[in-house]
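K.L.:
Handing you a structure now.
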Amino acid sequence: MNHARRRYYAPRDGKEVLEDEQTKSNWTDEKEMTYSWVQSRLENKENGKRFTFVKDMVFTINGDLEFEFLPRVKCKHTFLIRNPLAAYLSFKQAISVDPEFNEVPFSVSSGIRDASLIDDYGFFPIKSCYEQLFRLWKDVGKLEGANPIIIDADELTRTPDILLRKYFEAVGFPWKKEYLTWDAGYEITKSWKTSRQRMDSTLETWRIWHQRSMESSRFIPRTKPLPSFEDLTLDLQEYVLAAMPYYEEMYKCRMRACP
Numbered sequence: 001m002n003h004a005r006r007r008y009y010a011p012r013d014g015k016e017v018l019e020d021e022q023t024k025s026n027w028t029d030e031k032e033m034t035y036s037w038v039q040s041r042l043e044n045k046e047n048g049k050r051f052t053f054v055k056d057m058v059f060t061i062n063g064d065l066e067f068e069f070l071p072r073v074k075c076k077h078t079f080l081i082r083n084p085l086a087a088y089l090s091f092k093q094a095i096s097v098d099p100e101f102n103e104v105p106f107s108v109s110s111g112i113r114d115a116s117l118i119d120d121y122g123f124f125p126i127k128s129c130y131e132q133l134f135r136l137w138k139d140v141g142k143l144e145g146a147n148p149i150i151i152d153a154d155e156l157t158r159t160p161d162i163l164l165r166k167y168f169e170a171v172g173f174p175w176k177k178e179y180l181t182w183d184a185g186y187e188i189t190k191s192w193k194t195s196r197q198r199m200d201s202t203l204e205t206w207r208i209w210h211q212r213s214m215e216s217s218r219f220i221p222r223t224k225p226l227p228s229f230e231d232l233t234l235d236l237q238e239y240v241l242a243a244m245p246y247y248e249e250m251y252k253c254r255m256r257a258c259p
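Right, here's the structure in full:
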């Protein structure tokens, strides 16, 4: 469902792309991926599979119209949250070096383009995304009769052996210690069932947005301290202030590594 509104990256001449013969049966043209199409896929169990894991972004199912297309089958909703200061800073750093955004005039300062997320990137509901996440969490809680699970990204990377085990137990997945490590690289993406346009990207784009995750083989905690609020640019300060109350409320209800 997240592919209905997302901005896509087309292959550039002379650049390597991710697709090969192995992926053709897994990737679907985005024109087919309506809300009702995704709903029907999720409500029908895939042959030979005990579990189906779905990753989505909240802004793509925001509002009553999209909410009605959530699958009406037994499932466990999980909300992954991240400190807004870290999330917004990371987002701005990524778009500052992505060639897709070169149409916006920038001046460069301290390695980060001096652009305003508020003024220059209106295609994505950046400022309201935490509010949307909070409201969807509440709405899904009413639907399920209990608040869905919340995982904080920093806590997960610090204590994955504890928190991931607890999460697997909560959702009914069989736990294996081997899940704490994996093979680095892009090969796994060939098995994802997703939008062809989303995946038909150059490796250059993937390295900008996903390099650390795709080249990792384990959970890696953040080592650098976050900057102080006062050191943020004015646009980031505005976004963090708007997001923090929703993040803090959800953080209180997160699944904890330790009691």
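Numbering of the sequence shown is given in this note's numbering, commencing with residue 1 and proceeding in unit increments.
From the three backbone atoms N, C-alpha and C, an ideal C-beta is built for every residue, glycine too.
All figures in this text were calculated on a predicted structure; none of them were measured in a lab.
#1: Do you know offhand how far I150's Cα is from V73's?
#2: Less than 8 Å between the CB atoms is what I'm expecting for D152 and Y239, so what's the real figure, rounded?
#3: On the DSSP letters alone, give me the boundaries of the alpha helix (DSSP H) that D139 sits inside.
#4: Going by Cα to Cα distance, which pick from C75, A184, L143 is closest to K45?
#5: In the DSSP assignment, the alpha helix (DSSP H) including I162 goes from what residue to what residue?
#6: Confirm the yes/no value for this check: CB of E144, any heavy atom of the ligand FMN, distance under 7 Å.
#7: So, with DSSP's three-state summary, where would you put R218?
#8: DSSP on L18, reduced to helix/strand/coil?
#9: Tell me whether the beta-carbon of P148 lies closer than 8 Å to the beta-carbon of L180.
#10: Given a cut-off of 8 Å, decide if E249 and F134 are closer than it, judged by their beta-carbon atoms.
#11: Given this structure, state the Cα-to-Cα distance separating T34 from D231, to the nearest angstrom.
#12: Could you work out which residue in F69, K166, A242, W37 is closest to C258 when comparing CA atoms only?
P.N.:
Taking the coordinates as given:
#1: 20 Å
#2: With 8 Å as the limit, D152 and Y239 do not qualify as a contact, their Cβ atoms being about 19 Å apart.
#3: 129 to 144
#4: C75
#5: 160 to 171
#6: Absence of the ligand FMN is noted for the structure shown, with no ligands found whatsoever.
#7: strand
#8: For L18, the predicted structure reports a pLDDT of 49, less than 50, and the residue's modelled location is therefore unreliable. The matter cannot be settled from this model.
#9: no
#10: yes
#11: 42 Å
#12: K166
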